[in-house]
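Just so we're aligned: 180 in the UniProt record's numbering is position 180 of the sequence shown, and the numbers increase by one with no gaps anywhere. Beta carbons: idealized from backbone N, C-alpha and C, even for Gly.
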Amino acid sequence: KARKAIAYEIFLKENGYNAIVTCGGIQSNHNRAMALMCARNGWKCHLCIQGDKEHFFREKGNALLDRLSGAECELIKPEDTAEAMDRAMAHLRSDGYNPYYVIGGGHNLPGGTCFVDAVIELKRQCDREYYKPDYLFLASGTGSTQAGIVVGLDLVGWGDVKCIGISVARQQERGKQVIAEFANLLANHYGLQKDYSDRIFFNTDYLYGGYERYTPEMKEYLDQITTKTGLVFSTTYSGKGFYGMMQEIEKYHLQDKKIVFWHTGGLMNVMK
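As structure tokens, this is what we get:
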């Protein structure tokens, strides 16, 4: 999310925006990153936070940083998100600001192009080690990260690398559709003649009931990984992706394959 926030920062400056409206859950890494980015630029930030007000003000982690950032935090029901964001945009405009509507999770063009750039960076690093992965796994939520990566893989000539998103919230049909649509948008931006409708691998076997849900076995496994390696994973995002990947490696006997796990962060989710 920090990578996306930097991409939005550049975009907002280049286009003369001085405020944003965005949305996410109480422990949204996206909200936190965008709020802090706005704070360092002196921009207005309105967060439409999907959750209970008392719960939000009791939580630490990302919720605490949202409050400290000075962002306006509006607690809403998930089904009221679009209406609340439109209302906030209108209010900021009436106050003389030039706000930008940031789709949850960073699902606008800057949130995708920055991960195309990230794949170019990965390719450069791998080339130095004469390494090319067979598989790339990541935790997949709103889908802009996975869309950016799959388009980036095609752009660098790694279209045969299988990118597998482990869903942290969405079901199969909706998840694949959103990623494919955004990947098609990105491909068009780069002049790629590609249709990603049937090229998105989105695994929903490790949802365990949905967003922020997990099993005791998964939690114990991730805690052991941290103890043994120093790598930190949250059960909400990156940990669900990592655990899912390790299960898939065992299930499909991928131990001899070259595999990259794209760690998308989530330290604040561990500290909530």
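Take the Cβ of residue i as the centre, count every other Cβ of all protein chains shown within 10 Å, and call the residue buried at 16 or more, exposed below.
{"i": "L222", "result": "buried"}
{"i": "F242", "result": "buried"}
{"i": "S140", "result": "buried"}
{"i": "H189", "result": "exposed"}
{"i": "R170", "result": "buried"}
{"i": "I149", "result": "buried"}
{"i": "L153", "result": "buried"}
{"i": "G106", "result": "buried"}
{"i": "F182", "result": "buried"}
{"i": "K176", "result": "buried"}
Would DSSP call residue i helix, strand or coil?
{"i": "I166", "result": "strand"}
{"i": "A139", "result": "strand"}
{"i": "V260", "result": "strand"}
{"i": "N203", "result": "strand"}
{"i": "Q193", "result": "coil"}
{"i": "D223", "result": "helix"}
{"i": "M271", "result": "coil"}
{"i": "E79", "result": "helix"}
Judging by CA-CA distance, which residue of the options is the nearest neighbour of residue i?
{"i": "T215", "options": "I103, S234, K228", "result": "S234"}
{"i": "D66", "options": "P99, C126, R32", "result": "R32"}
{"i": "W43", "options": "K13, L64, H30", "result": "K13"}
{"i": "M245", "options": "F201, E212, V119", "result": "F201"}
{"i": "T236", "options": "L122, E173, R199, G266", "result": "G266"}
{"i": "L75", "options": "H55, A39, S197", "result": "H55"}
{"i": "I10", "options": "Q50, P110, G104", "result": "P110"}
{"i": "E203", "options": "K228, G165, V150, N15", "result": "Per the sequence shown, residue 203 should be read as Asn rather than Glu. Ranking K228, G165, V150, N15 by Cα distance to N203 puts G165 first."}
{"i": "M218", "options": "V151, K228, D198, G239", "result": "G239"}
{"i": "G25", "options": "T227, L64, E173, F137", "result": "L64"}
{"i": "V116", "options": "T142, G106, Q146, G96", "result": "Q146"}
{"i": "C48", "options": "N29, R40, E72", "result": "E72"}
{"i": "A39", "options": "Q50, N18, A88", "result": "N18"}
{"i": "R199", "options": "K132, G159, K251", "result": "G159"}
{"i": "A187", "options": "D205, Y252, T113, Y211", "result": "T113"}
{"i": "R3", "options": "Y97, R87, V119", "result": "V119"}
{"i": "M37", "options": "G191, S28, S69, D205", "result": "S69"}
{"i": "L192", "options": "Y206, G157, I225", "result": "G157"}
Kindly give me the distance between the Cβ atoms of residue i and residue j, rounded to whole angstroms, as I take these residues to be in contact under 8 Å.
{"i": "Y135", "j": "L254", "result": "7 Å"}
{"i": "I6", "j": "C45", "result": "15 Å between Cβ atoms; not a contact."}
{"i": "M85", "j": "Y101", "result": "7 Å"}
Would you kindly report the start and end of the unbroken beta strand (DSSP E) that includes residue i?
{"i": "residue 274", "result": "Past the boundaries of the shown model lies residue 274; the chain is included only from 1 to 272, so the question cannot be answered."}
{"i": "I49", "result": "44-50"}
{"i": "G244", "result": "From DSSP, G244 is part of no beta strand (DSSP E) but of the alpha helix (DSSP H) over 238-251."}
{"i": "Y101", "result": "99-101"}
{"i": "T235", "result": "Careful: T235 lies outside any beta strand (DSSP E) and carries neither H nor E."}
{"i": "I20", "result": "19-25"}
Quick check on residue i - is its C-beta less than 8 Å from some C-beta in chain C?
{"i": "D66", "result": "Given the protein chain composition of this structure (a single chain), no chain C is represented."}
What residue range does the alpha helix (DSSP H) around residue i cover?
{"i": "N62", "result": "62-68"}
{"i": "Q177", "result": "172-189"}
{"i": "L12", "result": "2-14"}
Would you check whether the ligand NAP has a heavy atom nearer than 7 Å to the C-beta of residue i?
{"i": "Y206", "result": "In the structure on display, the ligand NAP does not appear, and there are no ligands present to speak of."}
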